[in-house]
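In this note's numbering, the protein residues as written are 28 to 217.
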C-alpha cells in the first residue's frame with residue numbers, strides 16, 4: 028500500500044508524484060527494505076548506471092504502481108477491472124527473475140543473477156496480489172477526503188467505518204471544516 032500511495036492527491040486533476048526520478052524510486056525502495064540488485068548504482072544515472080536502463084526501470088515501476096492502484100480501486104468499487112490492467116499485473120507475477128534469497132547485512136535480500144525491474148517489482152506485485160486475494164481484501168478503502176486525497180488504506184477499525192487515510196491529516200481537516208461550518212452557521216443565524 029505504501030508504494031501505491033507514492034502518488035498523492037490522486038483525485039485532483041494532476042496527482043502529486045512523490046517519486047519524480049529513478050533516484051527517488053531507488054531511495055524509496057531502500058527505505059522500505061526492497062533490495063533491488065547486488066549493485067543498485069547500476070540502475071541510477073549519476074551513480075554509475077546507464078540513463079536508458081534507469082529510465083526503463085523507473086517507467087516500469089511507475090506503471091506497476093498505477094496498475095495496482097487501478098486494480099484496488101476496481102475491487103473497492105466492486106466493478107470488474109480493465110483486462111489490460113489484469114494482464115499488465117500478471118506480467119509482473121509471471122516474469123520472476125532468477126533470484127535466490129540470501130542473508131545480507133543483517134536482513135534477507137534477493138541475490139539476482141540479472142538486476143532490473145522485476146527484481147524489485149516482483150515482491151511488490153506479490154504483496155499486492157496477497158492483499159487483493161487475502162483476508163484483508165474487503166478492508167481496502169479509498170480516502171474520502173473532499174479535497175481529493177485518493178490514498179488507499181486498509182481499514183483496521185472494529186466497525187469497518189474508517190473514512191480517511193489518516194485521522195491526523197485528512198480526517199482532522201474534514202472534522203475541523205465541518206466544525207467551522209457549524210460555528211459559522213450558528214453565528215450567521217443570530
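Positions of the beta carbon are idealized from the N, C-alpha and C atoms, including for glycine.
By a beta-carbon distance limit of 8 Å, residue 61 contacts residue 150. Their separation comes to about 6 Å. Among the bridge pairs identified by DSSP, residue 134 is matched with 131.
Looking at the DSSP output, residue 158 shares a beta bridge with no other residue. Note that the C-beta distance between residue 152 and residue 53 is not below 9 Å. Here residue 167 is bridged, per DSSP, to 181. Membership of residue 84 in the alpha helix (DSSP H) is indicated by the continuous run 78-104. Collapsing the DSSP output to three states places residue 35 in a strand. As a beta-bridge residue in DSSP terms, residue 44 pairs with 34.
A Cβ-Cβ contact shorter than 9 Å links residue 179 with residue 170. Distance between residue 99 and residue 166, taken at the CA atoms: about 11 Å. A direct Cα-Cα distance of roughly 11 Å separates residue 110 from residue 97. Between residue 191 and residue 155, the alpha-carbon positions lie close to 20 Å from each other. Check the Cα spacing between residue 85 and each of 49, 119, 55: the tightest is with 49. Taking residue 175 as reference, the option from 28, 37, 29, 31 with the minimal CA-CA separation is 37.
Rounded to the nearest angstrom, the gap between the Cα atoms of residue 78 and residue 189 is 43 Å.
Leaving aside the five residues that flank residue 107 on each side, the residues in its chain whose CB is nearer than 8 Å to its CB run, in chain order, 101.
Residue 46 places its beta carbon less than 9 Å from that of residue 89.
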